[in-house]
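This report concerns only the one structure given below.
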Amino acid sequence: MDIFLACLDCGHQAPYSPTSNSCPRCNGTWREARYEYEKIGKTLQALLQGRGFDLWRYRELLPVRNPHLVSSMGEGGTPLIQASNLGMMLGCPNIFIKDERQAPTSSFKDRQAAVGVAALKEAGVTEVVIASTGNVAISYSAYCARAGIKLWAFLTSLVPAEKMREVAIYGTQVIKVTASYDQVKQVAAEFARQRGIYMERGARTIPSVEGMKTVAYEISEQLTTTFGAQRNYSNNGGGKSPGWQVPDWYVQSVSGGLGPLGVQKGFMEMREMGWIDRIPAMASIQAEGCAPMVHAFREGKEVAEPVRNPRTHIATLATGDPGRTYTLLYQRMREGAGGVFESVTDEETYRTMHILAKMEGISVEPAAAVAFAGVIKLVRAGKIKPNDTVVINCTGHTMPIETTILGEGWARSVALPSHITSQSTPEEGLLAALNRVTDDRFSSVAIVDDNEDARRLIRRILQAQGNYKLFEASNGKDAIELALCEVPDLIILDLMMPEFDGFAVLDALKADPKTAHIPIIVVTAKELTKEEKTHLHGQIFSLMQKGEFMSDELMDDVNELLK
Ligand SMILES: Cc1ncc(COP(=O)(O)O)c(C=O)c1O
Ligand SMILES: [Zn+2]
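Going by my numbering, the first residue of the sequence shown is number -8, and it counts up by one from there.
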């Protein structure tokens, strides 16, 4: 399967790599995944029948080479529900809700995280930084937990505490920044740059866009189930593939615009493959207090002027500077079936939340309700016509985490010096503030195990519950070299390893004055003989039997040793 990255600036096509950030020819950072559409277009529809209804059913069109290794939580495959009561009230019978609340972490961002994290895991990335208005951090946290990836989530202090705690419970390090979301993104990028950690970059992160586009595929497939295949439909395969249905409108609440950008790409791909004959009109709805795209659209501009001080209680949608995402959306909308950018007030949004819950039995978070309020407004204005088929992305619903569950210290705070503005480059004050985010010196821990999964498990346990400098060794010889070279504060040691086993490592460490003092926790699957127990006695801090201890039990010992 070949995947290419086409540069949006110079058109250069390079082979896909999940961690490559820019075009090898012009250094442009805006690129797009391209697949073998001609081949896939002819074969994929027939394959779908035998596949489960999650987003991996479109795996040939996703940037993950080995989806069989993905530890899926059933992402994608959300129901398309007809909103009959809302439809009746509005005189528009064909309103459908794509219910993304039913995603693993209750928001549509799970598509972005599921595909993104799968691609990173495949690339061997073990640490990631993201900036988020809440839901992206929650989704990434869940998927990173499964993949054994350490996540640093930078959130604006405006994100509701419930959402922050939801991020924290997955073991992500939350960094609360007192600043606008646009500034938070800068701070996070600087942190990632300083430490050489991979950073998620929204619409410029290929798997993010690709994950989002699966919404489009599902909508068309589901509408086809509802209404039947399109008749009299001719496509490039000479009638080989059935014509799928397309809604007249795709409606979504928008912050940075990744969702509509990805969904639009999905529809464009289906048209290229001859599965559909047109692109729906896109309605992107913003909160009035932070609606840079709407302002630009009304003035017919291709570039949005950033909103510096968002004035909305809906922090999830408070991206003040949509950057090039708006420009791309706007240009493609004009090439496609058009559409609108519209805004609604917080009051209209809250009212719509009540209506939706009371009339459709659907309780959503404010950021999702914005789209529904937008539909009401567009129908009233005559933009959406009575016979139009409308699909509203019901983007999310988050359950609160009880305050008491997390205990103290789950977030670190950064107060930005007041003179830093969105435009200024980070300078000394900011760097000093960032350095206070973490302890001056992390305790260092060496994990020694020949089994990669075992190392990943221990790494995950440690990273989810604290900040450590971690070293890993996969055999006894490397372990001794590592211990001599780095002199870690703690070694977590497996016993059964080929050639130089754990006992031999232990003897060597204890025999050398440079390493004799390093405490050791043995984690083993071996049933120990009496002699072996005697051998270990007095030499190690504790012994843990693999498959018989929980993460917090190992952490009790680690904390005891490193306090
Ligand atoms: C619930 C919800 N709806 C809508 C959005 C807007 O998404 P985007 O503008 O990235 O497509 C977000 C973004 O975080 C969200 O969490
Ligand atoms: Zn280029």
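All C-beta atoms in this analysis are idealised placements derived from N, C-alpha and C, irrespective of residue type, glycine included. This one's a predicted model, so the numbers in the text were calculated from it and none came from an experiment.
{"Query": "From what residue to what residue does the alpha helix (DSSP H) around V106 run?", "Result": "K100 to E113"}
{"Query": "According to DSSP, K204 sits in a beta bridge with which residue or residues?", "Result": "For K204, which the question treats as bridged, DSSP gives no partner whatsoever."}
{"Query": "Taking 8 angstroms as the cut-off, is the beta-carbon of K12 closer than that to any non-hydrogen atom of ligand 2?", "Result": "Note on residue identity: the sequence assigns Asn, not Lys, to residue 12. No, Cβ of N12 sits at least 8 angstroms from all heavy atoms of ligand 2."}
{"Query": "Taking all protein chains shown into account, decide if Q322 is buried (16 or more other Cβ within 10 angstroms of its Cβ) or exposed.", "Result": "exposed"}
{"Query": "Quick check: does the Cβ of R315 come within less than 8 angstroms of any heavy atom belonging to ligand 2?", "Result": "no"}
{"Query": "Using the beta-carbon count (16 or more within 10 Å), is E399 buried or exposed?", "Result": "exposed"}
{"Query": "Excluding five sequence neighbours on each side, which residues of the same chain lie with their C-beta closer than 6 angstroms to the C-beta of R48?", "Result": "L39 and R42"}
{"Query": "Note down the Cα distance separating G32 from L473, rounded to an integer number of angstroms.", "Result": "51 angstroms"}
{"Query": "Would V439 and V361 qualify as a contact pair, given that the criterion is a beta-carbon distance under 9 angstroms?", "Result": "no"}
{"Query": "With a threshold of 6 angstroms on Cβ separation, who are the neighbours of S465 within its own chain once the five nearest residues in sequence on each side are excluded?", "Result": "D441"}
{"Query": "Quick one: what does DSSP say E209 is sitting in, helix, strand or coil?", "Result": "helix"}
{"Query": "Got a sec: does ligand 1 put a non-hydrogen atom nearer than 8 angstroms to the Cβ of G387?", "Result": "yes"}
{"Query": "Out of curiosity, what's the CA-to-CA distance linking T124 and T343?", "Result": "22 angstroms"}
{"Query": "One question on the structure: do L60 and K112 come within less than 9 angstroms of each other, judged by their Cβ atoms?", "Result": "yes"}
{"Query": "Could you tell me whether any non-hydrogen atom of ligand 3 is closer than 8 angstroms to the CB of R16?", "Result": "Questions concerning ligand 3 fall outside what the structure shown contains, since the ligands it does hold are ligand 1 and ligand 2."}
{"Query": "As a quick exercise: from G2, A348, G107 and H526, pick the residue whose alpha carbon is nearest that of T196.", "Result": "G107"}
{"Query": "Let's see if you can read the secondary structure: which residues bound the beta strand (DSSP E) around R25?", "Result": "R22 to R25"}
{"Query": "What does DSSP give as the partner residue(s) for L481 in the beta ladder?", "Result": "V436"}
{"Query": "Could you tell me whether the Cβ atoms of N300 and S171 are closer together than 9 angstroms?", "Result": "yes"}
{"Query": "How big is the Cα-Cα spacing for S334 and Y241?", "Result": "15 angstroms"}
{"Query": "With N12 as the anchor, note down where its beta strand (DSSP E) starts and where it stops.", "Result": "N12 -> no beta strand (DSSP E), and no H or E assigned at all."}
{"Query": "I452 by DSSP, collapsed to three states: which one?", "Result": "helix"}
{"Query": "Could you name the residues of the same chain whose beta carbon sits closer than 8 angstroms to that of N223, not counting the 5 residues immediately before and after it, in chain order?", "Result": "Here the model assigns N223 a pLDDT of 48, short of 50, so the residue's position is not dependable, and the following value carries that caveat. Cβ neighbours of N223 beyond the five flanking positions: none."}
{"Query": "Determine, using beta-carbon pairs with one atom in the region 360 to 376 and one in the region 243 to 257, whether at least three such pairs fall under 8 angstroms.", "Result": "yes"}
{"Query": "Whole alpha helix (DSSP H) runs in the region 320 to 366 with 4 or more residues, listed along the chain?", "Result": "337 to 351"}
{"Query": "Can you tell me which of the three DSSP states N458 falls into?", "Result": "coil"}
{"Query": "L519 by DSSP, collapsed to three states: which one?", "Result": "coil"}
{"Query": "Cα separation between P271 and A328?", "Result": "6 angstroms"}
{"Query": "Kindly indicate which three-state DSSP category I121 falls into: helix, strand or coil?", "Result": "strand"}
{"Query": "Are A287 and E293 touching if we call contact CB-CB under 9 angstroms?", "Result": "yes"}
{"Query": "Mind checking who N384 pairs with in its DSSP beta bridge?", "Result": "K89"}
{"Query": "At what residues does the alpha helix (DSSP H) containing L146 begin and finish?", "Result": "Unbroken run through L146 is the beta strand (DSSP E), K141 to T147; no alpha helix (DSSP H)."}
{"Query": "Here's the rule: buried if 16 or more other CB atoms are within 10 angstroms of the residue's CB, otherwise exposed. What is C17?", "Result": "exposed"}
{"Query": "Please give the ranges of any alpha helix (DSSP H) in the region 143 to 193, keeping only runs that are unbroken, at least 4 residues long and fully inside the region.", "Result": "152 to 160 and 172 to 186"}
{"Query": "Should G2 be listed as close to ligand 2, given that the test is whether its C-beta is under 8 angstroms from any heavy atom?", "Result": "yes"}
{"Query": "Is A109 closer than 9 angstroms to G387 when the C-beta atoms are compared?", "Result": "no"}
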